[in-house]
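*Asks:*
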Amino acid sequence: MNLGYYPGCALHGSSNDYEQSLRACLGALGVTLAEIDDWICCGATSAHSLNHKLAIALPARNLALAGRQGLGEMFAPCPMCSMQLLRASQAMAADHRLREEMSAIVEAEVPSGPRVLNLIQVFQRVGLDTLKAAVKAPLKDLKPACYYGCLLVRPPVVVDFDDAEQPQSMEAIATALGAKPVEWGSKTECCGAGMTMAKAETVLELSGRILASAVARGANCLVVACPMCHVNLDMKQAEAARRLNTKFDLPVYYLSDLVGMALGLSAGELGVDRHFVVAGGAN
Amino acid sequence: METTSGAEPVTSQIESLSGSHLAECYQCGKCTAGCPVAARMDIPPTRLIRLLQLGDSESALRSNSIWQCVSCQTCTTRCPKSVDCAGVLDALRQIAFERGSLPPAEQRTVLFQKAFLDNIRRHGRLNEIELIAAFKGAVFFRDRNLGFLFRDGGLAPQLARRHKLHLVGEQAKDRGVVARIFARATDGGAR
Chain A
0 MNLGYYPGCA LHGSSNDYEQ SLRACLGALG VTLAEIDDWI CCGATSAHSL
50 NHKLAIALPA RNLALAGRQG LGEMFAPCPM CSMQLLRASQ AMAADHRLRE
100 EMSAIVEAEV PSGPRVLNLI QVFQRVGLDT LKAAVKAPLK DLKPACYYGC
150 LLVRPPVVVD FDDAEQPQSM EAIATALGAK PVEWGSKTEC CGAGMTMAKA
200 ETVLELSGRI LASAVARGAN CLVVACPMCH VNLDMKQAEA ARRLNTKFDL
250 PVYYLSDLVG MALGLSAGEL GVDRHFVVAG GAN
Chain B
0 METTSGAEPV TSQIESLSGS HLAECYQCGK CTAGCPVAAR MDIPPTRLIR
50 LLQLGDSESA LRSNSIWQCV SCQTCTTRCP KSVDCAGVLD ALRQIAFERG
100 SLPPAEQRTV LFQKAFLDNI RRHGRLNEIE LIAAFKGAVF FRDRNLGFLF
150 RDGGLAPQLA RRHKLHLVGE QAKDRGVVAR IFARATDGGA R
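In order, the protein sequences belong to chains A and B.
Just so it is clear: in the first sequence, position 268 is 267 by numbering that gives the first Met the number 0, and no numbers are missing.
Just so it is clear: in the second sequence, position 52 is 51 by numbering that gives the first Met the number 0, and no numbers are missing.
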């Protein structure tokens, strides 16, 4: 399987452990990635908060570049990016004048495709049976709390993926790998997202609640599919714990780490050794 | 998006930007009930929408609520009348930002968003170290708070040890087109 690939800024920045993980894991599964040539930032929260037109134009430029490369599908491992790409794509699908305007703004014809995929959808495309058959080291000791956060499932009118209140797609993958995911109530609560720097208190409060909830349900790790969620729950974990006068020591894995570990890849190959919290304590 | 309320220009602009018809809201309160930061807001989402229905956009634009919002999309997801509440808050932020009418306590969030956009306008892709420096510098210039300036400074060596710190950030090759996209999106006026 060959997929168009839009890494987004985080995966080429401080969340490069996520890119390492998904490249190692998808490589082992025979999925090749064709990076979109000269992609640019999607604008993220800053664009949609301050400039509506820019929040459509920046993703539109990337859709146009993917179209130029003849890519019918575009894997965007960051849910912020994928939501912005989908939102722009839909806005232009509903309004042909907007598509013409955007094509002029971004200096390239914006096509009506390509299809945007998140990480979970890529694994679904590989197939649960294929994954199960490829498992070399079943994750029988892992009791993950699968954490979806916001933008993988919200708003459903834009992302149209799984159930917005009670998603199960990550649990299905974790189960296929031999893990025993816990049932818990915070899987779609917000971690504070991109407010890590501007409003640290908000992030610490919200992330602390999620971590405490996972621990209370007997989880021994968290699984995420978002670079921002990982920053807030892993890098900020010790600070969130101090705020609650507690300790969590809860490793936070990307979903690709989980699949990779089950395929027999090492922590070093996946970049798990670069997380702040590793199995057995803080790193 | 066609608007029918026509009560005041700002309301129409909000309806156009968010693609939502504000009169649809029947004040059930689900948006506020699910909002993870409602407790931090001076005016919760349900009441913000009500103020807009009543034509008092000024109070909504002055609220701290619009800058507390984390854009989690829970309000939009749960609205039984399909009002894009998170989109309405985006619209309020944009209008408040364009007017420069920002509550002093919320300047920090705006400085961050501005620094972020300025960063990608110049590089095409985010340069994290430069963003942090520009944001912290702007905040320090405004409120001279050394504690905030050095907050999280200890993370730098920890990130470096994990090969997560890039002294030289990536850039898009065609930065000219990025600058032109920004200019056109900013000059063209709100849709």
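Using N, Cα and C, we set each Cβ at its ideal position, and we do this for glycine too.
#1: Does DSSP classify A:Met73 as helix, strand or coil?
#2: If A:Cys190 and A:Leu127 are in contact, beta carbons under 8 Å, what's the gap, nearest whole angstrom?
#3: Identify each residue in the segment 145 to 169 of chain B for which the Cβ-Cβ distance to at least one residue of chain A is less than 9 Å, and report them in chain order.
#4: Taking CB distances under 7 Å as the criterion, tell me whether B:Met0 reaches chain A.
#5: Examine chain A for any beta-carbon lying closer than 7 Å to the beta-carbon of B:Ile13, and answer yes or no.
#6: Can you tell me whether B:Pro8 is helix, strand or coil according to DSSP?
#7: If I follow the unbroken alpha helix (DSSP H) through A:Thr129, where does it start and stop?
#8: Skipping 5 residues on each side, what residues in its chain have a beta carbon closer than 6 Å to that of A:Tyr147?
#9: Is A:Ala33 helix, strand or coil by DSSP?
#10: Check whether the Cβ atoms of A:Met169 and A:Cys149 sit closer than 7 Å, and answer yes or no.
#11: Does DSSP put A:Arg114 in a helix, in a strand, or in coil?
#12: Mind reading off the beta-carbon distance from A:Gly283 to A:Met79? Whole number of angstroms is fine, and I expect it under 8 Å.
#13: Under a CB-based cut-off of 7 Å, is A:His51 close to chain B?
#14: Classify A:Arg98: buried if its beta carbon has 16 or more other beta carbons within 10 angstroms, exposed otherwise.
#15: Ignore the nearest five residues each way along the sequence and tell me which others in B:Arg39's own chain have a CB closer than 7 Å to its CB.
#16: Should B:Gly99 be labelled buried (16 or more other beta-carbon atoms within 10 Å of its own) or exposed?
#17: Could you tell me whether the segment 216 to 225 of chain A touches the segment 178 to 185 of chain A, where touching means 3 or more Cβ pairs closer than 8 Å?
#18: Which runs of the beta strand (DSSP E) spanning at least 3 residues fall entirely within the segment 50 to 90 of chain B, listed in chain order?
#19: Is it buried or exposed, A:Ser111, if we count other Cβ atoms within 10 angstroms and call 16 or more buried?
*Replies:* Walking through what the data contain:
#1: Secondary structure of A:Met73 (DSSP, three-state): strand.
#2: By a beta-carbon distance limit of 8 Å, A:Cys190 does not contact A:Leu127. Their separation comes to about 27 Å.
#3: Those residues of the segment 145 to 169 of chain B placed with their C-beta closer than 9 Å to a C-beta in chain A are Arg150, Asp151, Leu154, Gln157, Leu158, Arg160, Arg161, His162, Lys163, Leu164, His165, Gly168, Glu169, ordered along the chain.
#4: With a pLDDT of 41 at B:Met0, under the threshold of 50, the predicted position of this residue should be treated as unreliable, and no value is reported.
#5: Cβ-Cβ to chain A under 7 Å: no for B:Ile13.
#6: B:Pro8: helix per DSSP, three-state reduction.
#7: Segment 127 to 133, the alpha helix (DSSP H) holding A:Thr129.
#8: Non-local beta-carbon contacts of A:Tyr147 in its own chain, meaning distances under 6 Å to residues more than five positions away in sequence, involve Pro166, Lys186, Thr187 in chain order.
#9: Here DSSP, grouped into helix, strand and coil, assigns A:Ala33 to strand.
#10: Their beta carbons are not under 7 Å apart, which means A:Met169 does not touch A:Cys149 by this criterion.
#11: A:Arg114: strand per DSSP, three-state reduction.
#12: Residue numbering for chain A in the displayed model covers 0 to 282; residue 283 of chain A lies beyond these limits and cannot be assessed.
#13: Residue-level contact by beta carbon holds for A:His51 and chain B, with a gap shorter than 7 Å.
#14: Buried is the call here.
#15: These residues qualify, in order along the chain: Gln67.
#16: The residue is exposed, with fewer than 16 neighbouring Cβ atoms inside 10 Å.
#17: Counting Cβ pairs under 8 Å, three or more are found: they touch.
#18: As far as the segment 50 to 90 of chain B is concerned, it has no whole beta strand (DSSP E) run of at least 3 residues.
#19: Residue burial annotation: A:Ser111 is exposed, with fewer than 16 other C-beta atoms found within 10 angstroms of its C-beta.
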